[in-house]
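Q: For reference, the structure I am asking about is given below.
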Amino acid sequence: MAHSNHNLEKREKPDSESRSTDEGSWKYEYLLEIVGESPVLGKKAFTSMQKWRKDILEFSKSQDNVFINGPNKKQVALTFDDGPDLEVTPAVIDVLNKYGVKGNFFFLGKEAEKYPEIVEKAYKNGHLILSHSYNHVELDKLGIAEIHNELKQAGNVIESIIGKEPALIRTPFGETNALVANVAKENNYSIILWSIDTLDWAQNSTDVIYSNVVENIRNGDIILMHTDTDEYDTYEALPRIIEELQRQGFELVDLETMLGKPAYQ
């Protein structure tokens, strides 16, 4: 069960709720701990994950184009990695459409190439089409030219389908360092990570996916889920998650709206 004592990593100022996202100052005043647990993860894996979470939070403080969460407003963003595929991604799009909610899809370039009709469906229904690199490799293990190629190759594929290159990327596995952040900035990308990990990839339980979200939800949370073919549980948990967040009064928005950053170049 998820812990309930996940406070802000930095305390927001009293008036931060009313600040405009355009000011950008909220990024340094309102930084959320990254939360989410799974009974399936072993102790070693969970310890390693917790260390990564702590390190990436600290790293994000020094990078103006790396985001963990949005500002202190009653908004959250649903984000989906690793698609598109022919089953889960279209099903998730249909759920989002049913509830009138905008999704944020971090698509892999190599998968978008295979299923351009799914990319197009998501885009035409008003969801954001963003980048998850081309090959899903750890970008922090690559050199400058290879990182650049991963970004441009994925961006070119997406642009060939929807006519726009993304300006937001999620690095595979969240692995990011100063070189990755710098190359991303040179290519006009902001790096979007997450503050709630549903750990949908680590379990076959809609209840754990659901509880990771609703028991941890805070203003400005960016929620990580997946839409590859293995993640049918994500699709099954999604209606309950949306209904409960809306019941609690959260506005489910796209990242452009939340962060005040353009989604496309």
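Under the working numbering, the letters of the sequence shown match residues 1 to 265, in that order. Glycine included, each C-beta is placed from N, C-alpha and C at the ideal position. Just so we're clear, the structure is a prediction, and the values are computed from it rather than from any experiment.
So, for residue 136: in the same chain, excluding its five sequence neighbours on each side, which residues have a beta-carbon less than 6 Å away from its beta-carbon?
A: Against the sequence shown, residue 136 aligns to sequence position 136. So the qualifying residues of the chain are 108, 172.
Q: In the structure shown, what three-state DSSP assignment does residue 153 receive?
A: For the purposes of this step, residue 153 is taken as the residue at position 153 of the sequence shown. Here residue 153 sits in helix by DSSP.
Q: In the structure shown, what three-state DSSP assignment does residue 131 receive?
A: For the purposes of this step, residue 131 is taken as residue 131 along the sequence shown, with counting starting at 1. Residue 131: strand per DSSP, three-state reduction.
Q: Determine the DSSP secondary structure at residue 35, reduced to helix, strand or coil.
A: In the sequence shown, residue 35 corresponds to position 35, counting from 1. Note: residue 35 maps to strand in three-state DSSP.
Q: Return helix, strand or coil for residue 22, following the three-state DSSP convention.
A: Taking the first residue of the sequence shown as position 1, residue 22 is located at position 22. Reliability of the predicted coordinates at residue 22 is poor, the pLDDT of 45 falling under 50, and the value obtained from them is presented with this limitation in mind. Residue 22 falls in the helix class under three-state DSSP.
Q: Identify which residue in 130, 39, 52, 58 has its Cα closest to the Cα of residue 79.
A: Translated into positions along the sequence shown, residue 79 becomes position 79. Residue 130 is the option with its Cα nearest to residue 79.
Q: Rank 206, 218, 219 by C-alpha distance to the C-alpha of residue 225 and give the top, closest one.
A: Position 225 of the sequence shown, counted from the first residue, corresponds to residue 225. For residue 225, the nearest C-alpha among the options comes from 206.
Q: Below 6 Å CB to CB, which residues in the same chain sit around residue 96 once its five sequence neighbours on both sides are set aside?
A: The residue labelled residue 96 in the question sits at position 96 within the sequence shown. Here the set comprises 103.
Q: Give a yes or no on contact between the stretch 155 to 165 and the stretch 68 to 88, applying the rule of three or more CB pairs nearer than 8 Å.
A: Not touching, per the Cβ criterion.
Q: Is the number of C-beta pairs between the stretch 27 to 38 and the stretch 216 to 232 that are closer than 8 Å three or more?
A: Yes, since at least three Cβ pairs between the stretch 27 to 38 and the stretch 216 to 232 fall closer than 8 Å, the two stretches touch.
Q: Which residues in the same chain as residue 242 place their Cβ atom closer than 7 Å to its Cβ, once the five residues preceding and following it in sequence are excluded?
A: The residue labelled residue 242 in the question sits at position 242 within the sequence shown. Answer for residue 242: 99, 101, 252, listed in chain order.
Q: Roughly how many whole angstroms lie between the Cα atoms of residue 174 and residue 247?
A: Here residue 174 refers to the residue found at position 174 when the sequence shown is read from its first residue. Here residue 247 refers to the residue found at position 247 when the sequence shown is read from its first residue. Cα to Cα, the separation comes out at about 30 Å.
Q: Taking just the CA atoms, how far does residue 41 sit from residue 52?
A: Taking the sequence shown and counting its residues from 1, one reaches residue 52 at position 52. Taking the sequence shown and counting its residues from 1, one reaches residue 41 at position 41. Roughly 15 Å between the two C-alpha positions.
Q: Residue 46 by DSSP, collapsed to three states: which one?
A: By 1-based counting over the sequence shown, the position of residue 46 is 46. Helix at residue 46.
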